[in-house]
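J.: This is the structure I want to talk about, given as structure tokens.
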Amino acid sequence: MRESLQFAIPAVRSATKEPSTLGNEVFEKLRQDILSSRLQPGTKLRFQSLRDAYGVGLSPLREALSRLAENRLVVATGQRGFRVAAVSVHDILDIAMVRKQIESVALRLSIENGDDSWEARMVAAHHRIILAEKAGKKVDEEEWEQRHRDFHYELVSCCNSPCLLHIHQLLSDLFDRYRRLSTRSGVGGAPRTLMHQKIVDAALSRNVEATIKLMADHIDEATKLIVEALSRPPGREARRKVPEPIAAPKKPRRAVGSRRAAMADR
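Counting in UniProt numbering, the sequence shown runs from 1 upward without gaps.
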């Protein structure tokens, strides 16, 4: 676990901004750093380190950290401050289960209420993911993540429930943090474009049950990869990348030669 922040972040000081505005900026920066795993699970968030890294005072920091705690991205540790929320198999399974339920309700309402504009936004959001994944094109991680997030939002954007959309966003953050962490560990990768296309096609055809089933499968597939990453013993990936010493064939040949030499000496 890191005890301090080891990366540089542009300061967000401004003499003209209200504390609440600064608090929102710091909230977004911290949120992105947690989702991208620049701030690893369990990292202590010391106020002095945060002030130095983000260039703000205690008031906006407390405001931002309190909001992040409400969103379950950080955890308050009594009088000692805050930590980035830890990760576990139990937690991601719980998040995935609840997310599937919320997606089911939101998708059903969105498909029932969606109009031509909704269809156009959904198709456009999906196309932007395809453009970001074009063969031979270097994909910027943050840009891809934003396009992926926009796509999932547009799918449910016509549910006509601000409360449901808020919960959907919170669950997306919690789930995406795990997904991105597992990707960095070498398991899985970006969600498959084929599955996205199937979801779009089902939604456009107004097939509610098929869309819900495809989304559940999509979440289950990602969850399986996340659990695999969390369950892997430390260092296992590194050993797979350098198998040559394990499979070196010279030692057995030397052993055979040694036995033959010993027999000849007899």
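Glycine included, each C-beta is placed from N, C-alpha and C at the ideal position.
Quick caveat, the model's predicted, so the values are computed rather than measured.
How about S182 and I129: are their beta carbons less than 7 angstroms apart?
T.: Looking up residue 182 in the sequence shown gives position 182. Looking up residue 129 in the sequence shown gives position 129. Cβ distance not < 7 angstroms, so S182 and I129 don't count as in contact.
J.: Between L39 and the rest of its own chain, which residues show a CB-CB distance below 7 angstroms, the 5 nearest in sequence each way excluded?
T.: Locating residue 39 in the sequence shown gives position 39, where the first residue counts as 1. These residues qualify, in order along the chain: D33 and V84.
J.: Measure from the alpha carbon of F175 to the alpha carbon of each residue in D201, K29 and D94, then state which is nearest.
T.: Position 175 of the sequence shown holds residue 175. Answer by Cα proximity: D94.
J.: Can you tell me which of the three DSSP states A222 falls into?
T.: As a first step, residue 222 is located in the sequence shown; it is residue number 222 there, counting from the start. Helix, per DSSP.
J.: Taking only the alpha-carbon atoms, compute the straight-line gap between N71 and L204 and give it to the nearest angstrom.
T.: In the sequence shown, counting from the first residue as 1, residue 71 sits at position 71. In the sequence shown, counting from the first residue as 1, residue 204 sits at position 204. If I take the Cα positions, the gap works out to 32 angstroms.
J.: Check the C-beta distance from A202 over to T193 and give it rounded, since I have them as a contact under 8 angstroms.
T.: Start at 1 with the first residue of the sequence shown, and residue 202 comes out as number 202. Start at 1 with the first residue of the sequence shown, and residue 193 comes out as number 193. Incorrect: roughly 15 angstroms between the Cβ atoms, too far for contact.
J.: Compare the beta carbon distance of A132 and R179 with 7 angstroms and say whether it is the shorter of the two.
T.: Here residue 132 refers to the residue found at position 132 when the sequence shown is read from its first residue. Here residue 179 refers to the residue found at position 179 when the sequence shown is read from its first residue. No, they are not a contact pair.
J.: Taking Cβ positions, are A106 and H148 nearer each other than 7 angstroms?
T.: The count along the sequence shown starts at 1 and reaches residue 106 at position 106. The count along the sequence shown starts at 1 and reaches residue 148 at position 148. Contact flag unset, no.
J.: Helix or strand or just coil, what does DSSP make of L45?
T.: Position 45 of the sequence shown, counted from the start, is the residue given in the question as residue 45. Residue state, collapsed to three classes: strand.
J.: Got a sec, what are the start and stop residues for the beta strand (DSSP E) R128 sits in?
T.: Walking along the sequence shown from the start, residue 128 turns up at place 128. Unbroken run through R128 is the alpha helix (DSSP H), D116 to A132; no beta strand (DSSP E).
J.: Would you decide whether R206 is buried or exposed? Buried here means 16 or more other CB atoms lie within 10 Å of its CB.
T.: To locate residue 206, count along the sequence shown from 1; it is residue 206. Exposed, since its Cβ has fewer than 16 Cβ neighbours within 10 Å.
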